[in-house]
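These protein sequence lines map, in sequence, to chains A, B and C.
Quick note: the first sequence uses the numbering used here, first residue 3, plus one each step.
Quick note: the second sequence uses the numbering used here, first residue 60, plus one each step.
Quick note: the third sequence uses the numbering used here, first residue 32, plus one each step.
The C-beta atom is built at its ideal place from N, Cα and C for all residues, glycine as well.
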Amino acid sequence: MKSILSRRRTLLLLWAFTFPILLVAQDEKMMAPVSRTYVITNVNIIQSPGRKIDIGTVVIKNGLILAVGKKISIPSDAIVIKADSMYLYAGFIDGLSHAGIVKSKEEMNRDRPKDPGNPPPDKAGITPQNSVLEFLNPVDKSLEDLRSVGFTAAHVVPYGGMLPGRGSVILLGGSSANEMLLQPSLTFYSELTPAERVYPATVMGVMAKYRDLYRQASLTKSYETVYASNRAGLERPATDRILESFYPVIDKRMPVFFRAERVLDIQRVISLQKDLGFTLMLGDLKEGWDVINQIKTTNAKVFLSLDLPEEKKEEKKEDKTEKKEEKPKSISDLEKEALEKRKVEFTAKYTAQAGAFQKAGLKFGFSTISAKPKDIPANLRRMIAAGLSEDVALASLTTLPAEVFGLTDRLGTVDNGKIANLVISDKPYFHEKATIRYVFVDGHLFKMEVKEIKKVDPNAKPEIAGNWTLTTETPQGKSDSNLTIKKEGSGYSGKISGGRLPEPSDLQRVELTGNSLKFVYAVSMGGQAMTVTVEATVEGDTLKGTASVGQFGSFPLEGKRDPKF
Amino acid sequence: MKKITMLFLAVLSCGAFAQAQVDRGSMLIKNGTVFTITKGTLENTDVLVRDGKITQVGKNIPAPTGIKIIDASGLFVMPGIIDAHSHIALSSINEGTNAITPEVWTGDVVNPLSISIYRALAGGVTTVHAMHGSANSIGGQCETLKLRYGTVDADVLRMEDAPRTIKFALGENPTGHGRRDGQQPQSRMGVEFVIRQAFSEAKEYMATWETYNKAKLQKGFRGSPPSYNLRLETLADILKGNIIVHCHSYRADEINMLLNVCRDFGIRRIVFQHVNEGFKVAPELAAYGAMASVFSDWWSYKLEVYYSTAYNATILTRNGVTTSINSDDAELMRHLYHEAAKTQKYGGLKDDEALSLITINPARQLGIENRVGSIEAGKEADIAIFKNHPLSIYTIPVLTIVDGIVRFDREKDVDDMRLYIDPKESIDIPTFQEADHTHENCMLGAEETAQNIFDLN
Amino acid sequence: MKNKAYLPLLFLIAFFTTALQAQNPKAKSGTFALTNATIETVTKGVITNGTVLISKGKITAVGTTVTVPQDAEVIDCSGHWIYPGLIDGGTGVGLFEIGQIPQATDASEAGQIIPQMKALTAINPNSAHIPVTRISGVTTVLTIPSGGLFPGTAALINLHGYVPDQMYAGFEGVVLNFPTTGRRGFYDRRTDEEIKKAVEKSLSQINDVWDKAVQYHKLDSATKGKGVTYYPEMQALLPVVRGEGSLLIEVNAANDILEVLKWVKEKKVKKVILTGVMEGWRVAEQIAKAGISVIAGPVQELPSREYDRYDKAYANPGLLKKAGVKVAIRTNDRSRGNSRNLPYHAGFAATYGMGREDALRAVTIIPAEIFGVQDRLGSIEVGKNATLFVSSGDPFETKTQIIHVFIDGWQIPMVSRQTQFYDEFLNREPGAAKN
């Protein structure tokens with residue numbers, strides 16, 4: 003135990019060393035509040051799908067929901083949150099994620115072993131004995147990203163190959179890994195991911211190895227039972243942490259949680275399940291629409307991916323203009339149209355997957371492992387527009403995963419006695435303009451910064467040429483810089499100076515699409531060259547957006563036209 | 060009574076296949092020139108298909124009411140083509156990391172979405188042997204597929220109850236791989252040794268289990284079981300005769316070597332693949348009852364095929380070896396009828412003999428000759444229909460039928476037959492084969508990086 | 032045994048092969064009269080029951096009323112056909128012996144811009160590929176170096192002779208592998224962006240080379256060759272810039288073809304031949320309008336895009352022809368040793384829309400015209416080189432046997448290592464070892 007703790011500390015230190023800025027930012031937020039009692043007043047409470055209290059109160063104390071309802075007296079030690087006409091939900095539960103998980107050192111080591119046909123198990127991706135506790139970093143930014151769209155708990159799994167380790171449900175916030183851990187070693191996490199350049203280097207190798215290990219484990223397990231009943235005269239069974247990890251699976255005390263994005267992956271996992279008979283959970287499905295009946299026969303619990311292919315409008319436009327320049331209308335233009343149409347059709351199938359599952363009467367949760375958190379609300383809206391009902395969507399985010407993970411007594415609804423995992427948004431969550439204002443995890447409050455998102459208008463044609471003053475907010479404080487943009491032919495060029503820039507820098511690229519402006523420039527800091535990418539929305543004489551600086555993340559940025567400068 | 064039996068059988072067979080819902084159709088193919096392969100060529104002949112099976116072959120068969128009629132007047136009707144060596148419709152081909160990997164199985168990675176399935180159908184192919192690659196001496200088990208294109212369900216493609224097969228490989232591919240990994244085998248001596256070693260270990264494994272299983276029956280038995288090993292289990296299945304060996308091989312000496320290994324370990328069912336120098340040891344192959352699945356004319360892309368001849372199929376056939384012509388290639392497999400015709404140029408095989416090379420003979424090599432490979436009542440209705448004689452250069456496959464279902468119809472062929480589209484792909488990027496790639500396709504994916512596949516000369 | 036049924040046939044074959052073995056393995060010259068043949072002249076129709084007279088390497092008479100000189104060796108071709116030798120407009124014959132072995136291949140040299148590398152002198156006249164290819168009626172091939180952007184100079188050779196002079200068939204061309212926006216195979220996993228960048232880089236390299244070549248040419252003509260220094264790359268490009276030599280541009284993707292047409296126009300390249308042109312059907316009209324000839328192939332190939340109709344590669348030559356493009360057919364076999372399959376590539380093109388007549392022209396007179404050797408090759412006409420073959424029928428038909436081959440009037444022995452193996456091993460002695 004001690005070794006695990008110290009190891010985690012080392013990891014943390016390592017982390018802190020690499021990302022000083024983020025750590026500072028996090029520390030500020032993690033300062034202890036003056037009270038652990040909160041009251042949320044005047045709020046629309048959606049206790050669970052279909053169960054609603056109009057304008058009510060929720061009281062939180064010591065991490066638990068103390069009271070929910072109308073006409074509730076406010077404790078005197080409470081911090082009051084006036085959530086007038088806002089909407090309050092149970093915090094969302096993510097079915098599959100790497101949130102908070104860092105990669106192990108072994109994972110980073112890419113040397114090929116001497117005998118690639120018989121690699122050590124960790125090289126082969128076979129580490130089912132691993133638990134997320136060893137890899138959980140409470141200040142990882144991915145936790146914040148998921149919280150910011152309403153997730154408060156997640157089934158997280160280690161990184162790795164075919165058997166990365168056991169999945170656990172964690173709370174997406176807490177001061178230590180132990181504090182975050184809600185349901186440890188809940189699942190036997192598996193992927194069809196081959197090892198790199200060593201056995202098993204293919205999916206078919208992974209499947210063979212899976213069967214081999216499973217059957218080996220079944221055999222050693224039954225012998226261990228015999229041995230345990232009367233040891234005299236029997237050979238002592240060898241200890242094998244890998245095979246032992248299978249025992250709870252073989253006993254059906256622990257489900258196998260398989261990641262299976264594509265339609266073929268899903269089928270392959272099902273065939274393994276049919277061979278070996280384990281209890282199955284399927285995660286991050288993207289292409290399940292054609293195999294719903296096959297999934298039904300397995301009784302698997304299912305989590306659908308919250309990642310969707312983009313509805314690409316921009317690129318289409320680019321394509322067309324490019325082609326038109328090169329050649330006159332031809333058969334290939336028609337062909338391209340037909341091909342684009344098929345792409346759109348298939349994008350629609352991905353989007354309609356959740357609706358199709360609902361229609362087929364198959365319950366499901368959602369998973370974020372391959373989704374960009376910031377896209378999730380929009381993706382949910384796309385799914386709803388494509389046939390998923392809002393109630394089912396909400397259930398899939400709350401009650402269903404709570405049930406699947408055996409957490410209904412603690413999570414999934416807004417009821418007395420449950421863990422205070424809550425999401426509060428200014429409009430109903432699935433509303434296009436909804437913004438999340440507060441998130442509670444385990445009774446801890448996370449205030450969301452309200453970013454005013456300016457409307458991106460593809461048809462706007464703002465004039466950006468001229469001088470601008472930019473203000474960037476970084477952990478080191480605010481800084482002002484001067485931006486000059488010149489029109490050049492059909493494009494733009496520009497220069498940026500001041501602020502923390504040691505010398506003026508030419509913009510490498512200036513792109514204006516509608517009213518969204520993007521430009522890139524290079525800075526050299528402490529001998530290190532970095533690229534800064536600014537993305538902003540222009541409205542009249544102001545602009546607003548972010549500046550991204552490589553691995554340091556992105557920072558809010560505002561700008562004003564400066565006629566004098 | 061008979062009717063009831065039929066009904067009963069129908070229900071039974073439905074039950075057996077219920078898991079993978081395979082479509083089976085009925086039709087009457089009228090008035091074609093029918094190459095039965097096993098029973099001669101019949102002019103102006105009809106073929107009746109009911110529920111996926113050929114029920115009658117003859118002249119003027121009355122059409123059952125409501126049956127689909129295909130007018131084959133002036134057309135040529137032959138059994139669907141069988142490719143005994145293919146790598147299409149698979150997501151991975153080579154688990155080449157270890158010299159011995161019989162535990163892996165291409166059946167696990169069948170890809171029903173592959174466009175190569177449709178393209179093969181357009182060449183009259185109805186059954187393929189989807190093989191593991193040749194990077195290692197004992198590769199993976201293979202899967203026999205029926206080209207029922209149009210499903211996403213891999214199980215639908217499987218030829219239900221086809222015998223198990225496994226890929227072996229001799230010569231340059233496994234030795235080259237061994238050299239790169241610093242492992243055995245790096246020579247033909249090593250290839251023989253690793254195979255013998257694998258079988259010897261499997262024999263020991265079988266014996267250990269047998270002893271344990273016997274002991275277990277005794278009252279009051281207490282003892283530990285031997286450890287389970289899927290690799291050795293599979294090798295044991297080969298030794299028990301439950302799996303047909305398909306061995307990638309080129310040189311006469313290595314072919315002879317494997318014959319001796321098989322003899323020593325009591326393995327009877329062996330098909331040599333490629334077997335470019337099979338012609339040199341044709342009498343030995345015939346004497347053992349080993350079969351040969353060859354290229355029509357590929358040679359000189361590597362040293363071990365330098366001393367080849369396009370007369371290989373003819374020499375093997377004339378020496379009494381059951382021979383087929385295969386593709387190992389997604390393009391070549393689209394004109395196996397033309398590849399078979401080359402045996403008429405190189406050795407003057409008769410029409411039936413040439414057509415046998417791509418129908419009943421590969422069926423024999425896969426152990427499915429009782430079900431496909433000829434046009435006979437009782438066989439599965441896998442049929443290819445051609446405009447012009449299929450051995451003529453001017454022939455065009457026009458209709459391909461699998462289990463009585465039309466899977467390719469040249470008249471109804473349209474652009475973009477893909478089943479799934481990746482919404483993220485770019486549409487305007489073509490892919491071209493390199494003119495000077497020097498590998499059989501069975502080395503695909505065997506290398507550490509994709510780029511190296513073709514650069515390892 | 033099954034064998035017994037074939038016994039009579041085996042005897043026949045044995046007899047036939049003994050006769051072959053007795054044949055002089057050397058080529059033979061002289062005056063030959065090929066009589067009673069059906070002659071497909073390609074340019075002047077089909078003559079039935081005709082005679083072709085060969086003397087001193089040339090065709091000296093063709094027709095039904097030819098007088099056969101007394102010293103002529105008469106070869107009775109009753110029931111047989113005569114065709115001009117087939118020309119493969121792109122192969123690796125002679126430059127590689129065993130594809131996978133670097134020591135046995137000479138097709139590519141180090142460097143991106145090396146037009147001065149000459150295929151002609153590196154071709155191995157004693158390659159085992161040569162007999163294998165010619166006894167199938169393919170008498171003449173364009174052997175192409177491969178590799179970088181300007182990998183060298185290709186040479187048209189006849190498949191008989193012992194030194195380059197004897198084999199050279201009168202055409203050489205500088206090869207340009209135009210940068211491709213296509214993928215090089217399914218394993219090419221570069222992003223679209225990476226491909227684009229690589230193409231841009233290569234294109235600017237090519238433009239740079241061309242501009243230099245134009246300057247070199249100006250200097251060269253201004254000083255009548257005296258003012259230029261040794262610059263082998265430029266010297267190799269000089270004939271192309273002057274408009275005397277041909278530039279063979281290998282290009283396959285539709286967009287790239289359009290790019291090439293633009294480039295050729297912009298750079299005012301006078302003699303251009305497009306090779307490969309797999310997606311030519313997509314832009315056939317533009318190629319026809321540009322008036323540039325095409326050597327298309329391989330024909331037996333997969334479509335270049337997953338969504339393309341399955342038979343696009345088969346149909347490509349026919350679609351190009353239909354649009355008015357002058358199109359020859361090649362095998363592009365640079366590693367499998369199967370240039371001998373040229374008639375089958377042509378046969379597939381014929382079947383999938385080109386028609387037999389045009390497909391035959393595409394492997395005879397059209398490539399001869401494209402290479403500017405139509406006065407010597409490509410048809411059965413008086414005065415042309417006696418490079419022709421006698422067959423049992425239509426050479427596109429798979430089962431057709433090639434009976435005699437003449438190259439420049441030399442009667443070629445109908446033997447290759449592959450036929451020798453057949454002779455030796457059909458009935459091996461000793462047979463099966465006793466076990």
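| task | Apply the 10 Å Cβ neighbour rule to R322 of chain B and answer buried if 16 or more other Cβ atoms are within range, or exposed otherwise. | result | Locating residue 322 of chain B in the second sequence gives position 263, where the first residue counts as 1. R322 of chain B comes out exposed.
- Would you tell me roughly how many angstroms separate the C-alpha atoms of Y580 of chain A and I147 of chain B, rounded to the nearest one? A query on residue 580 of chain A cannot be resolved here, the shown segment of chain A reaching from 3 to 567 and no further.
Out of C:P398, C:V446, C:S447, state which residue places its alpha-carbon closest to the alpha-carbon of G120 of chain C. Reading the third sequence from its first residue, position 89 is the one you call residue 120 of chain C. Measuring from the Cα of G120 of chain C, the nearest candidate turns out to be C:P398.
* Strand pairing of K520 of chain A, partner residues [DSSP] -> Residue mapping note: residue 520 of chain A aligns to position 518 of the first sequence, counting from 1. According to DSSP, which records beta bridges pairwise, K520 of chain A is partnered with A:E513, A:E537.
(message) Counting only beta-carbon separations shorter than 9 Å, does S246 of chain B have a partner in chain C?
(response) Start at 1 with the first residue of the second sequence, and residue 246 of chain B comes out as number 187. No, S246 of chain B does not count as interfacial toward chain C.
**Message:** Suppose you measure from the CA of T92 of chain B to the CA of G119 of chain A; what does that come to, to the nearest Å?
**Reply:** For this step, residue 92 of chain B is matched to residue 33 along the second sequence. For this step, residue 119 of chain A is matched to residue 117 along the first sequence. Each residue's CA atom was taken as its position, placing T92 of chain B and G119 of chain A some 53 Å apart.
(request) Return the Cβ separation of L141 of chain C and T212 of chain C in integer angstroms, given the expectation that the two are a contact with Cβ distance under 8 Å. (result) Here residue 141 of chain C refers to the residue found at position 110 when the third sequence is read from its first residue. Here residue 212 of chain C refers to the residue found at position 181 when the third sequence is read from its first residue. Checking the sequence shown, residue 141 of chain C turns out to be Ala, not Leu. Incorrect: roughly 25 Å between the Cβ atoms, too far for contact.
query = Name the residues in the segment 175–197 of chain C whose C-beta lies less than 9 Å from a C-beta of chain A; which are they?
reply = none
Can you check whether the C-beta of I113 of chain C is within less than 9 Å of a C-beta belonging to chain B?
As a first step, residue 113 of chain C must be located in the third sequence, where it is residue number 82. So no, I113 of chain C is outside the interface.
Inset, instruction - Ignoring anything shorter than 3 residues or poking outside the segment 83–120 of chain B, list the beta strand (DSSP E) runs there in chain order. - result: Complete beta strand (DSSP E) runs here, min 3: 86–94, 100–109, 112–117.
Exercise. Is any beta-carbon of chain A found at less than 9 Å from that of C413 of chain B?
Worked result: Your numbering for residue 413 of chain B matches position 354 in the second sequence. The amino acid occupying residue 413 of chain B in the given sequence is Ala; Cys does not appear at that position. For A413 of chain B, the answer is no, since every Cβ of chain A falls outside 9 Å of its Cβ.
- prompt: Using the rule of at least 16 other Cβ atoms within 10 Å of the residue's Cβ for burial, across every protein chain shown, is S499 of chain A buried or exposed?
  reply: Within the first sequence, residue 499 of chain A is the residue found at index 497, counting from 1. Result: exposed.
Backbone CA spacing between L559 of chain A and L402 of chain A [nearest angstrom]: Stepping through the first sequence from its first residue, residue 559 of chain A is reached at position 557. Stepping through the first sequence from its first residue, residue 402 of chain A is reached at position 400. For L559 of chain A and L402 of chain A, the distance between alpha carbons rounds to 40 Å.
For this session: Measure the C-alpha to C-alpha separation of I48 of chain A and D335 of chain A and round it to an integer number of angstroms.
Result: Taking the first sequence and counting its residues from 1, one reaches residue 48 of chain A at position 46. Taking the first sequence and counting its residues from 1, one reaches residue 335 of chain A at position 333. In a straight line, the C-alpha of I48 of chain A is about 51 Å away from that of D335 of chain A.
#### Entry: Nearest residue (CA-CA) to S167 of chain C, options C:P426, C:H191, C:R459, C:K243
Numbered from 1 along the third sequence, position 136 holds the residue referred to as residue 167 of chain C. For the residues C:P426, C:H191, C:R459, C:K243, the minimum Cα distance to S167 of chain C belongs to C:P426.
(message) Counting only Cβ pairs nearer than 8 Å, list the residues of chain B close to T72 of chain C.
(response) Reading the third sequence from its first residue, position 41 is the one you call residue 72 of chain C. Result: empty, since nearest Cβ-Cβ is about 21 Å, beyond 8 Å.
#### Entry: Own chain, CB closer than 8 Å to A79 of chain B, minus 5 neighbours either side, in chain order
If you number the second sequence from 1, residue 79 of chain B lands on position 20. Same-chain partners within the cutoff: D212, D214, V215, R217, E219.
Compare the C-beta of M502 of chain B against all C-beta atoms of chain A and say whether one is closer than 9 Å. The residue given as residue 502 of chain B occupies position 443 in the second sequence. No, M502 of chain B does not count as interfacial toward chain A.
Quick test of the definition: if touching needs 3 or more C-beta pairs under 8 Å, does the segment 198–206 of chain A touch the segment 272–290 of chain A?
Flag = no, the segment 198–206 of chain A and the segment 272–290 of chain A do not touch.
**Item:** Option in B:G432, B:E470, B:T418, B:N195 with minimal Cα separation from P456 of chain B
**Value:** What you label residue 456 of chain B is simply residue 397 of the second sequence in a count that begins at 1. For the residues B:G432, B:E470, B:T418, B:N195, the minimum Cα distance to P456 of chain B belongs to B:E470.
Report task. Verify the CB distance criterion: does E162 of chain B have a CB-CB separation below 9 Å to chain A? Result -> As a first step, residue 162 of chain B must be located in the second sequence, where it is residue number 103. Taking Cβ atoms only, chain A reaches closer than 9 Å to E162 of chain B, which makes this a yes.
Inset, instruction - If I'm right that Q332 of chain B touches S352 of chain B with Cβ under 8 Å, what's the distance once you round it to whole angstroms? - result: Position 273 of the second sequence, counting from 1, holds the residue named residue 332 of chain B. Position 293 of the second sequence, counting from 1, holds the residue named residue 352 of chain B. Indeed they touch by this definition, with Cβ atoms about 5 Å apart.
Margin query: Could you tell me the alpha carbon to alpha carbon distance between P222 of chain B and I70 of chain C, rounded to whole angstroms?
Written below: On the second sequence, position 163 is the one that residue 222 of chain B refers to. On the third sequence, position 39 is the one that residue 70 of chain C refers to. Those two C-alpha atoms are separated by around 54 Å.
- Query: List, in order along the chain, the chain A residues whose C-beta lies closer than 9 Å to that of Y338 of chain C?
  - Reply: Walking along the third sequence from the start, residue 338 of chain C turns up at place 307. Near Y338 of chain C (Cβ distances below 9 Å), the residues of chain A are E337, A340, L341, R344.
Tell me which residues share the same chain as V320 of chain B and place their Cβ nearer than 7 Å to its Cβ, disregarding the 5 neighbours each side in the sequence.
Your numbering for residue 320 of chain B matches position 261 in the second sequence. Cβ neighbours of V320 of chain B beyond the five flanking positions: E251, I254, R255.
K483 of chain B touches chain A at which residues, Cβ-Cβ below 7 Å?
In the second sequence, residue 483 of chain B corresponds to position 424, counting from 1. Near K483 of chain B (Cβ distances below 7 Å), the residues of chain A are P311.
- Item | One or two residues paired with N46 of chain A in a DSSP bridge | To locate residue 46 of chain A, count along the first sequence from 1; it is residue 44. Paired residues: A:Y89.
**Prompt:** Residues in the segment 282–316 of chain B with C-beta within 8 Å of chain A's C-beta atoms, listed in sequence order?
**Reply:** Per Cβ criterion, the list reads G282, S283, P284, S286, Y287, N288, L289, R290.
Reduced DSSP secondary structure (H/G/I, E/B, other) of T186 of chain B | Along the second sequence, one-based indexing puts residue 186 of chain B at 127. Residue state, collapsed to three classes: strand.
* Candidates C:L373, C:R387, C:L180, of which the one nearest Q147 of chain C by Cα -> Position 116 of the third sequence, counting from 1, holds the residue named residue 147 of chain C. Among C:L373, C:R387, C:L180, the Cα nearest to that of Q147 of chain C belongs to C:L180.
Under the assumption that V136 of chain B contacts I480 of chain B (Cβ atoms under 8 Å), give the Cβ distance between them as a whole number of angstroms. The residue labelled residue 136 of chain B in the question sits at position 77 within the second sequence. The residue labelled residue 480 of chain B in the question sits at position 421 within the second sequence. At roughly 35 Å, the Cβ-Cβ gap does not stay under 8 Å, so V136 of chain B and I480 of chain B are not in contact.
For N286 of chain C, tell me which candidate among C:R371, C:A229, C:V245, C:V308 has the shortest Cα-Cα distance. Residue 286 of chain C sits at position 255 when you count from the first residue of the third sequence. The option with the nearest alpha carbon to N286 of chain C is C:V308.
Is it buried or exposed, G183 of chain C, if we count other Cβ atoms within 10 angstroms and call 16 or more buried? Mapped onto the third sequence, residue 183 of chain C falls at position 152. G183 of chain C is buried by the Cβ-count criterion.
Quiz item: So, using beta-carbon positions, are E412 of chain C and T74 of chain C closer together than 9 Å?
Solution: Within the third sequence, residue 412 of chain C is the residue found at index 381, counting from 1. Within the third sequence, residue 74 of chain C is the residue found at index 43, counting from 1. Cβ atoms of E412 of chain C and T74 of chain C: closer than 9 Å.
Apart from the five residues just before and just after I419 of chain B, which ones in its own chain have a Cβ nearer than 7 Å to its Cβ? Working through the second sequence from its first residue, we reach residue 419 of chain B at position 360. These residues qualify, in order along the chain: I96, T97, E428, G432, S433.
* CA-to-CA distance, T515 of chain A to A462 of chain A, given in whole angstroms -> Walking along the first sequence from the start, residue 462 of chain A turns up at place 460. Walking along the first sequence from the start, residue 515 of chain A turns up at place 513. About 8 Å.
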